[in-house]
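Just below is one structure, and these are the notes that go with it.
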Amino acid sequence: MDLAEVIGRVRFVANVNACEKDKLVAFNWNEPGRWEVFLYRVDDGSIIRVTDSPEGSLDPELSPKCDRLLYHRDRGGDERFQVIVRDLASGREEDVTRDPEYYHMYATFSPDGERIAFTSNRSGKPAQLHVYEWGLIREVTGWSEPVFFFEWLSRRELVYVKGWYNTEVRLVDVESGVDKLLLHFEGAETFIGGVDRESRRVLFYSNVDEWFDIGEIDVDSGRWRWVYRSSSEKESPEYYGGSVIFIEFSSGKNWLRMLRDGKLETLDSGVSDIAVDGSLLAYTKTTSTQPSALVVNGRVVIDTTPEELKGKLVGVEAIKYESFDGRLIEAIVYRPSNWNGSTVIHIHGGPDAHELDRWSPVSQLLALQGYMVILPNYRGSTGYGRSFLHLNDRDLGGGDLRDVVEAAKLARRMGARRVYALGASYGGYLTALALVKYPELWDGGVAIVGFYNWYTEYEKEADYLKVYDTQKMDPNLFYDRSPIFHVEKLKAPILFIHGANDPRCPVEEVIKMTEKLRELGKPYELVIYQDEGHSIRKEENKIDMYRRIVGFLARLEKSSEMKPQN
């Protein structure tokens with residue numbers, strides 16, 4: 106069995122959206138080998154493919170009348186998404202944004218279906234709210250901080266969240282332009298969930314008291330209250346009939362909870378995406394042993410687990426280890442029964458993210474090959490409270506890297522004879538930094554779509570990421586924390602993988618890095634996919650990437666030296 110091909114062909118469902126009127130659920134599915142939009146009809150159980158584009162189509166949403174569908178499409182993974190609206194009766198598509206020089210994201214219909222809101226940089230500022238109506242697009246916010254979370258409260262009002270950190274929940278009237286503050290907790294992150302348009306209430310979740318707790322705002326009175334609080338992180342709250350449903354992260358897993366009349370009920374585990382419209386509830390779920398499933402009103406509609414992998418997939422456990430300063434760090438661990446004695450430290454990206462019991466194709470592939478895989482949730486990861494989230498403020502590549510290093514030392518104590526680093530995006534950056542800062546610790550590394558020079562990354566990265574890095578990183582540390590300035594210390598071979606159209610970590614990053622490695626005669630391999638961006642989306646490229654990773658590590662298992670390769 107070619108495990109790289111089997112894993113590369115595993116299908117995934119994501120980005121669900123529901124419309125109760127016609128009992129439809131829209132979702133993304135890469136069943137054709139790329140991300141396309143499908144519809145599930147609740148009444149007869151049929152699944153219909155809607156889109157067919159060489160570039161794929163992402164993030165679908167049905168109109169309130171269920172007669173139209175919008176989705177997003179870019180070119181070659183450049184993430185300059187355009188908003189496409191399709192009439193479901195005729196199949197006619199219209200690109201309503203029509204400007205590939207800019208991105209347009211998170212588009213959503215107004216309650217009457219006449220307007221579309223999205224976030225874009227088309228007015229010269231990063232990720233601001235814009236509204237499309239009758240062929241015209243106008244900007245409705247003009248902040249220097251990005252806007253990523255927003256919901257229609259009425260046909261003329263949008264509730265939105267301003268900023269990355271220390272966020273504000275605000276209300277803007279898209280007709281008059283009046284914009285007012287609804288809720289702000291100084292120094293805290295507050296985001297919004299579902300809205301009840303009839304009672305004009307909005308669910309939110311905030312970490313003002315350390316953990317993300319769920320609250321509710323009465324928009325007209327300005328009053329707010331807590332709905333559910335606990336010593337773990339919550340997200341994605343939605344109104345569901347007379348209850349509130351949400352996702353809670355605990356013990357390395359995501360749990361779907363429902364709060365009704367003060368009583369808490371657990372509905373499912375592994376849930377990653379929720380869609381609610383009236384009585385219609387749809388969600389996706391994913392675990393280490395169940396790659397992806399679509400569940401609608403309690404019924405599993407799609408389960409993408411390949412038959413040839415059933416009963417063979419490696420499950421995970423959550424462990425904790427002590428880091429350099431005595432702090433406990435949680436990690437997700439794959440322990441294959443046929444452990445080959447080598448361990449891969451798989452470093453997540455973000456850094457505002459966390460690993461949990463979910464489908465990780467690279468981790469699963471390596472575990473099936475006999476590698477133990479440790480995925481550390483280093484300081485700065487989400488999921489562990491506000492204090493932990495901010496431990497890496499102005500210190501990226503510092504304490505978080507040392508948490509990764511301690512994970513490698515843990516692997517040695519567990520008996521690993523060889524330890525490799527692997528990661529994508531910020532994880533790719535930390536992989537390269539780990540290999541040059543702690544060269545004696547590693548036997549090799551795989552850096553995927555990373556960045557390697559803080560100066561050039563900050564200059565050329567996507568505008569909204571520049572806002573993030575301005576807040577999170579100290580420019581005085583750029584030199585010390587850039588792998589490219591320490592490559593003379595590199596000892597272990599490293600495989601670089603990148604997309605030529607990457608807008609977040611431009612391909613120039615890896616080109617300059619490998620040029621310097623070649624000058625110094627350091628061992629590396631480089632793969633650039635010309636038709637990909639920050640994510641390797643296309644099936645043939647994913648399979649090729651997985652084969653290259655497995656082959657690279659297999660060669661390191663047999664040899665302690667490699668020659669530089671182009």
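Take any residue in the sequence shown, count from 1 to its spot, add 105: that is its number in this note's numbering.
All residues carry an ideal CB built from backbone N, CA and C; glycine is no exception.
As the structure is a prediction and not an experimental result, all values here were calculated from the model.
Beta-carbon spacing of residue i, residue j below 7 angstroms
| i | j | result |
| --- | --- | --- |
| asparagine 120 | aspartate 164 | yes |
| threonine 559 | serine 530 | Sequence inspection shows tryptophan at residue 559; the threonine mentioned does not correspond to that position. No. |
| valine 277 | phenylalanine 296 | no |
| asparagine 135 | arginine 116 | yes |
| arginine 518 | asparagine 497 | no |
| isoleucine 437 | valine 421 | yes |
| serine 377 | threonine 392 | no |
| glycine 161 | arginine 146 | no |
| glycine 475 | proline 441 | yes |
| leucine 535 | leucine 570 | no |
| leucine 661 | isoleucine 112 | no |
| valine 252 | arginine 243 | no |
| serine 492 | histidine 459 | no |
| proline 342 | phenylalanine 354 | no |
Candidates the options, of which the one nearest residue i by Cα
| i | options | result |
| --- | --- | --- |
| proline 611 | Gly431, Tyr557, Glu291 | Tyr557 |
| aspartate 548 | Val332, Arg499, Tyr629 | Tyr629 |
| serine 311 | Asn133, Gly488, Asn581 | Gly488 |
| serine 168 | Asn135, Glu160, Val130 | Val130 |
| leucine 527 | Ser492, Ala597, Val592 | Ala597 |
| lysine 382 | Glu662, Lys643, Lys126, Arg652 | Correcting the residue type first, residue 382 is aspartate in the shown sequence and not lysine. Taking only the C-alpha atoms, the option nearest aspartate 382 is Lys126. |
| asparagine 122 | Val201, Pro137, Leu175 | Leu175 |
| threonine 394 | Phe317, Ser384, Leu414 | Leu414 |
| alanine 516 | Ile553, Val478, Glu545 | Val478 |
| glycine 403 | Thr409, Ala472, Leu361, Gly367 | Leu361 |
| valine 332 | Ser326, Arg365, Phe354 | Arg365 |
| serine 465 | Ser397, Asp505, Glu511, Phe429 | Ser397 |
| glycine 504 | Lys425, Arg330, Met578, Arg185 | Met578 |
| glycine 533 | Pro411, Ser428, His639 | His639 |
| glutamate 250 | Leu258, Thr213, Leu473, Pro231 | Pro231 |
| glutamate 370 | Val349, Ser356, Thr389 | Val349 |
| arginine 328 | Arg306, Asp318, Phe317, Pro342 | Arg306 |
| glycine 292 | Asp314, Leu473, Glu280 | Asp314 |
Cβ-Cβ separation, residue j to residue i (assumed contact under 8 angstroms), whole Å
| i | j | result |
| --- | --- | --- |
| leucine 308 | glycine 298 | 4 angstroms |
| arginine 260 | glutamate 303 | Wrong, their Cβ atoms sit about 14 angstroms apart, outside the cutoff. |
| glutamate 321 | arginine 330 | 6 angstroms |
| alanine 512 | proline 481 | 4 angstroms |
| valine 509 | alanine 552 | Rounded, the Cβ-Cβ distance is 13 angstroms, inconsistent with contact. |
| valine 572 | tryptophan 269 | 6 angstroms |
| arginine 522 | glycine 446 | 5 angstroms |
Secondary structure of residue i, DSSP reduced to three states
| i | result |
| --- | --- |
| glutamate 613 | helix |
| leucine 471 | helix |
| lysine 668 | At lysine 668 the pLDDT is 40, less than 50, meaning the model places this residue with poor confidence; the figure from the coordinates comes in the next sentence. Correct three-state label for lysine 668: coil. |
| glycine 656 | helix |
| lysine 594 | helix |
| glycine 571 | A small fix is needed here, since residue 571 is lysine in this sequence, not glycine. The answer is helix: DSSP assigns lysine 571 an H, G or I state. |
| arginine 650 | Arginine is not the amino acid found at residue 650; the sequence shown has methionine there. In the structure shown, methionine 650 sits in a helix (DSSP, three-state: H, G or I). |
| valine 510 | helix |
| phenylalanine 493 | helix |
| glycine 533 | helix |
| alanine 521 | coil |
| asparagine 581 | helix |
| glycine 504 | helix |
| leucine 546 | coil |
| tyrosine 345 | strand |
| phenylalanine 641 | One point to set straight first is that residue 641 is isoleucine, not phenylalanine, in the sequence displayed. Here isoleucine 641 sits in coil by DSSP. |
| glutamine 635 | coil |
| isoleucine 112 | helix |
| lysine 621 | helix |
| threonine 246 | coil |
| tyrosine 145 | strand |
Residue environment, residue i, which counts as buried when at least 16 other CB atoms sit within 10 Å
| i | result |
| --- | --- |
| glutamate 666 | Unreliable placement is indicated for glutamate 666, whose pLDDT of 45 sits below 50; no coordinate value is reported for it. |
| lysine 668 | Residue placement at lysine 668 is flagged as unreliable, the pLDDT there being 40, under the threshold of 50; a coordinate-derived value is accordingly withheld. |
| proline 580 | exposed |
| alanine 659 | exposed |
| arginine 154 | exposed |
| glutamine 576 | exposed |
| arginine 609 | buried |
| alanine 387 | buried |
| tyrosine 344 | buried |
| valine 554 | buried |
| aspartate 107 | exposed |
| serine 215 | buried |
| alanine 194 | exposed |
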